[in-house]
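Report on the structure given below.
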Amino acid sequence: MTSACDIRVRGVVQGVGFRPFVFRLAHANTLAGWVLNDEEGVEIHLEGAEPALDEFVRSLVASSPPAASIAAIDVHPVLPSGFQDFTIRESRQQGHPTTRISQDLPVCDDCLAELLDPANLRYRYPYINCTNCGPRYSVILNLPYDRGNTTMRTWPLDGYCAAQYRDPMDRRFHAQPVACPACGPHYALRGGGETIVGDDASIARAAELLNSGQIVAAKGLGGYHLACDARNAAAVQSLRNRKFRKEKPFALMVSTIEIARELVELSGDAESLMTSAARPIVLARARAGLGGVSRDVCPDVSHGNDDLGVMLPYTPLHHLLFAAGAPEILVMTSANRSSEPISYRDEDALDRLDGIADAFLIGERPIARRVDDSIARATAFGPVVLRRARGYAPAAVTTIPIAKSILAVGADLKNTVTLVVKGQAFVSQHIGDLDQYESLQAFRETVDDLISMYQVPRQSLIVARDAHPQYLSSSYALDFGEAHYAIQHHRAHIASVLAERAAWDKRVLGVSFDGTGMGDDGSIWGGEFFIGSLVGGFERIAHLRPARLAGGDAGAGYPVQAAAGFLAQVEGLPNLHIEPFLFPERYEKALELTRRDVRTFTTTSMGRLFDAAAALLGFTREITFEGQAAMWVEHLARTESFTEPYEFPVRREDHAMELDFRPLLGALAVDRSRGRDQAQCARAFQRGLAKGLCDALSILCETFATETVVLSGGVFQNELLLEDLKSFIAGGRLDIWTNRSVPPNDGGISLGQAALAAFAHLNHA
Ligand SMILES: [Zn+2]
Ligand SMILES: [Zn+2]
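Structure representation (structure tokens):
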């Protein structure tokens with residue numbers, strides 16, 4: 060008795076070896092029918108014995124390819140049509156695509172073994188890949204995912220590759236970027252007036268240059284990297300000078316996980332992140348502690364910061380570089396000048412990196428779009444992605460229950476955009492800070508790219524943007540779309556956590572701590588507490604006590620300027636004009652402006668409170684990257700194990716509860732003026748913050764009858780704050796939710812905007 064069924068599979072099921080897997084599974088169960096890729100995923104038609112059909116469906120889920128991720132399977136019984144065999148049909152295009160584009164994958168173990176096997180035809184071939192590994196998002200030009208729609212379309216397959224491509228039993232069956240040395244692209248090295256062609260020769264020369272302290276720009280998966288020997292102080296210093304990157308830490312690539320373990324303290328979670336298919340840069344504590352990094356890595360790599368960002372090789376090229384004798388710990392930083400976006404086009408790289416790189420290792424395969432390395436870390440509340448890009452983007456993060464398409468354009472710092480199509484929320488790769496011209500260009504390109512990839516008509520979009528009308532992303536978003544929603548920044552942070560977990564009507568206490576974002580009243584918020592849900596909206600119920608700060612955005616670069624604003628409210632301050640912290644003139648001027656209320660703004664920003672503490676602790680110069688002062692306080696505090704927290708009480712004011720910073724900063728100032736150890740003071744401040752937050756959570760959760768707390772915003776990248784908070788709430792009933800797949804910093808804002816706009820729209824309709 061022959062039965063039949065149609066099966067629809069949604070999720071990341073294209074470009075990951077899914078059809079050959081289905082083919083083999085059908086054969087193993089003696090089933091006839093067909094499988095095809097279309098814009099919604101994979102469709103399967105099966106005919107055969109009932110038990111065989113059941114077994115097929117069970118195995119489909121249980122043993123799907125490693126890189127696949129099944130979101131949903133629908134099985135419908137149908138009448139048999141009398142198929143005699145099982146075939147893989149051509150891709151079908153109709154309607155508009157909602158299939159999930161696979162993210163780029165690291166080279167798999169099978170390909171790696173072939174890469175290093177002299178008997179293999181692809182021995183030392185830097186473009187080796189198969190259906191289980193290799194480029195995807197970074198080579199896709201259009202959907203559906205077929206070779207003709209990738210940047211490999213200009214390299215026709217030779218007989219060897221074509222035979223594997225057509226053989227359903229082969230690992231390279233329909234592997235779209237498949238290539239071999241005879242028919243595929245190659246690498247060449249340019250520099251010092253010479254060009255070395257040939258994969259082996261160019262990679263060997265690059266390894267030599269790295270060993271001799273030179274800086275090499277190497278074309279990777281989603282852009283160029285600047286690489287140098289991490290143990291060569293002169294090389295690291297010249298990279299900093301040439302890149303105009305004074306202090307921001309550089310990422311490292313190490314040849315093996317063993318070396319990573321020697322360099323940093325890797326928890327189980329951290330090691331899982333590092334070896335995961337996304338192969339992100341993992342932030343972890345350096346083993347030798349502040350300043351004196353282990354294994355002779357030059358301290359300049361992370362500049363007084365005891366966290367290192369470490370990743371493993373993920374392309375065949377990286378493995379070949381190490382195999383050719385390149386230093387086993389390399390600085391591997393995005394190739395750009397200062398905070399521009401990563402270079403990914405050859406001509407542009409040669410032009411923009413001229414004077415930075417000594418040589419260029421250029422691969423012929425074009426990169427369809429820039430995709431930076433991702434950054435992740437294992438925190439006290441679980442693993443979190445801090446920069447979402449290669450290996451994660453553009454996978455759907457969640458499914459929002461709305462039929463209309465939504466474009467959320469994010470915030471102006473650490474920008475990402477989110478496109479919702481048929482409910483699936485695709486979060487873009489990290490784009491950058493939009494105040495840079497190149498980043499703004501990249502932002503526009505990414506929006507156009509996503510919209511055209513999923514073929515969404517621009518005019519029919521619901522557009523979500525930040526409430527700040529002067530944001531560049533906001534003004535861009537006003538030009539199109541059917542409906543617009545301005546979403547308050549800190550509510551978007553909270554919404555990002557809830558959207559990740561599809562917790563649409565969950566009522567929570569939301570805490571949003573960050574540097575800056577426009578509030579409902581036009582002031583700068585950043586220390587906010589809300590009660591509510593995605594469906595019902597969020598009401599602000601508490602915040603940091605407001606301060607008036609001088610100097611607008613320009614002042615944000617100077618911690619002493621923030622200190623002046625906050626300290627203006629602290630009574631009985633000790634005389635700050637004593638060693639060891641003589642405030643520079645800027646402090647006096649800002650204090651004067653604050654007292655006269657000239658050119659000041661009101662803020663409840665926790666980021667600025669950290670700046671004030673940093674100034675009191677001795678960080679009185681200008682910062683050179685966003686969040687630097689807070690990171691400095693955290694790492695200083697980390698060197699001290701236990702200290703009584705400073706007082707940071709919750710008080711009821713006229714309309715809302717306030718966290719009062721006056722005792723916190725007052726105690727810090729007094730301690731410092733008495734000459735108490737800097738690190739002890741930093742620790743007491745950090746613990747005070749955690750204790751104050753914990754007390755506020757207890758009071759507010761009780762008042763508003765909830766036990767679920769959502770924490771988001773850039774301040775929660777402070778791992779010590781999370782650890783201290785966890786220790787203070789230990790044994791309590793509070794359930795703490797933090798971000799997982801999108802960053803707690805502004806990189807997560809676009810997802811939150813999309814979710815809030817969806818429910819605002821549904822509530823209106
Ligand atoms: Zn492979
Ligand atoms: Zn070939």
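Following our numbering, the numbering of the sequence shown begins with 60 at its first residue and continues without gaps.
Idealized CB from N, CA, C, for every residue including glycine.
- With respect to the C-alpha of S361, the residue from Y373, L371, A347, T374 having the closest C-alpha is A347.
- Sorting P215, D508, V198, L216 by C-alpha distance to the C-alpha of N208 places V198 at the top.
- Ligand 2 never approaches A234 closely enough for any of its heavy atoms to be under 8 angstroms from the residue's Cβ.
- A residue is called buried when at least 16 other Cβ atoms come within 10 angstroms of its Cβ; A286 meets this threshold and is buried.
- Pairing S809 with V476 gives a Cβ-Cβ distance under 9 angstroms.
- Pairwise C-beta distances place the stretch 649-659 out of contact with the stretch 696-707, as fewer than three of them are shorter than 8 angstroms.
- Here D432 carries a coil assignment [DSSP, helix/strand/coil].
- A Cβ-Cβ distance of about 5 angstroms is found for the pair K473 and N804, placing them in contact under the 8 angstroms criterion.
- Pairing I583 with S700, the inter-Cα distance amounts to about 34 angstroms.
- In terms of Cβ geometry, P605 and T661 form a close pair [threshold 9 angstroms].
- With 16 or more other Cβ atoms from the protein chains shown falling within 10 Å of its own Cβ, E106 counts as buried.
- Excluding sequence positions up to five before and after H135, its CB lies within less than 7 angstroms of the CB of C64, D65, all in the same chain and listed in chain order.
- For P79, there is no enclosing beta strand (DSSP E); the enclosing alpha helix (DSSP H) has its first and last residue at 77-87.
- A Cβ-Cβ separation of about 4 angstroms places V68 in contact with V101 under the 8 angstroms criterion.
- Under the three-state reduction of DSSP output, T653 falls in the helix class.
- For ligand 1, no non-hydrogen atom lies closer than 8 angstroms to the CB of D176.
- Residue pairing from DSSP leaves P704 without any beta-bridge partner.
- For R230, the Cβ falls inside the 8 angstroms cut-off from some heavy atom of ligand 1.
- At least one heavy atom of ligand 1 lies closer than 8 angstroms to the C-beta of I187.
- Inclusion of D169 in the 8 angstroms shell around ligand 1 follows from its C-beta lying nearer than that to a non-hydrogen atom of the ligand.
- Cβ contact annotation for K307 (same chain, cutoff 6 angstroms, sequence separation greater than five): F684, in chain order.
- Counting only heavy atoms of ligand 2, the residues whose C-beta sits closer than 7 angstroms to one of them are, along the chain, L216, D217, Y219, C220, A238, C239, A241, C242, G243.
- Residue state for G384 is assigned as coil, using DSSP reduced to three classes.
- With at least 16 other beta carbons inside 10 angstroms of its own, E693 counts as buried.
- Residue pairing for P177: DSSP places it in no beta bridge.
- DSSP places K648 in the helix class (H, G or I) of the three-state scheme.
- Relative to the non-hydrogen atoms of ligand 1, the Cβ of V166 comes within a distance shorter than 8 angstroms of at least one.
- Not a single heavy atom of ligand 1 lies less than 8 angstroms from the C-beta of G450.
- With three or more CB-CB distances shorter than 8 angstroms, the stretch 264-273 counts as touching the stretch 375-395.
- In this structure, ligand 1 has a non-hydrogen atom nearer than 8 angstroms to the beta-carbon of G193.
- When the beta-carbon positions are compared, F303 and A289 stay at least 9 angstroms from each other.
- Shown here for A241: same chain residues with a beta carbon closer than 6 angstroms to its own, the five before and five after excluded, namely D217 in chain order.
- Distances from the alpha-carbon of V71 to those of T61, A111, P125 put P125 closest.
- For R225, the three-state secondary structure derived from DSSP is helix.
- In the three-state DSSP reduction, F669 falls in the helix class (H, G or I).
- With respect to the C-alpha of L342, the residue from L322, S402, Q745, Q628 having the closest C-alpha is L322.
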